[in-house]
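For the sequence shown, my numbering gives the first residue as 677, with consecutive numbering after it. From the three backbone atoms N, C-alpha and C, an ideal C-beta is built for every residue, glycine too. This report concerns only the one structure given below.
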Amino acid sequence: MEVIFLGTGASQGVPIIACDCAVCTSADPRNRRTRCSIHVVMGGLHIQVDAAQEFREQCLRYGVRQLDFFVLTHGHADHVAGMDDLRRFCDLRGGSALTVYSTEEGLSRVRVIYPYAIVERPVMRGYPAFRLVEMPPVIELEQGTIRATLLPHGSVNVLGLVFEERGSGAKFVYYTDCKCVPAEALRLAKGAQAVVLDGLRPKEHPTHMNIAKAIETAHQIGAPVTYLTHLTHEIDHGPFEADLPAGIRLAYDGLKLTF
Ligand SMILES: [Zn+2]
Ligand SMILES: [Zn+2]
Ligand SMILES: [Zn+2]
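The following block contains the structure:
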């Protein structure tokens, strides 16, 4: 399995517009965070999770050239706003609609923002076409399994995703945008080689886990390595990561995991 972090920033990205803080003006490329998404390659299948405002740039930068389907974790702007650029992947599929999995909340947001894309085939070449499907608890594929669980995130629930590749047995967990990880999601995450958790910032936040809560959750799951994502400009990558407990790292744009 291969995972590429296309973006690891919170909703404003880093640097923040008109902010002169040490992180926003830092020379460390790991402190430049576009909005949060990942690209997963499981048994040769290319799965895109979320499409941020920078999705097109991220695809060009990190060589994303193919998509088999798309999963939207929830309908917030920093996850849904780049979906128009999925049009290129419909084109590359020979003009067939791209399957989009999400919650009912996520799908209804897609219908409102992209009404022109809710069609069987692109209206004309180069246009997007989405086939909307409510995310089932389990997607069984020849290449592996994707399990979905709901994570609380203020007024919405977010899809937490667990990928298990059939050939290698590799297990990977992606829990972004959540205030906590409920018991069922903790159970599903057990045995993963790598886990990604929403870490946001040191201070508490009403709808996201802060760093302390993310560390506590990482210890509950007990994976060999946990990466924190959806990070704000309050986190200076180098010094901050050096102070984290063993086995807990910060994700950064362009980070690639292979296992
Ligand atoms: Zn700043
Ligand atoms: Zn969100
Ligand atoms: Zn978000």
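Query	Result
Taking all protein chains shown into account, decide if Y1010 is buried (16 or more other Cβ within 10 angstroms of its Cβ) or exposed.	Past the boundaries of the shown model lies residue 1010; the chain is included only from 677 to 935, so the question cannot be answered.
Use the C-beta contact count for G685: other C-beta atoms within 10 angstroms, 16 or more gives buried, fewer gives exposed.	buried
Taking the beta strand (DSSP E) that S778 falls in, what are its first and last residues?	L774 to S778
May I ask you to report which of helix, strand or coil DSSP gives N833?	strand
Taking the alpha carbon of T825 as the point to measure from, which residue in A846, A859, R801 and Q688 has its own alpha carbon closest?	A859
Do G867 and K847 have their CB atoms nearer than 9 Å?	yes
Using three-state DSSP, classify F935 as helix, strand or coil.	coil
Do T883 and G830 have their CB atoms nearer than 9 Å?	yes
According to DSSP, is T893 part of a helix, a strand, or is it coil?	helix
Which residue comes first and which comes last in the alpha helix (DSSP H) that contains G683?	That residue, G683, is in no alpha helix (DSSP H); its beta strand (DSSP E) goes E678 to G683.
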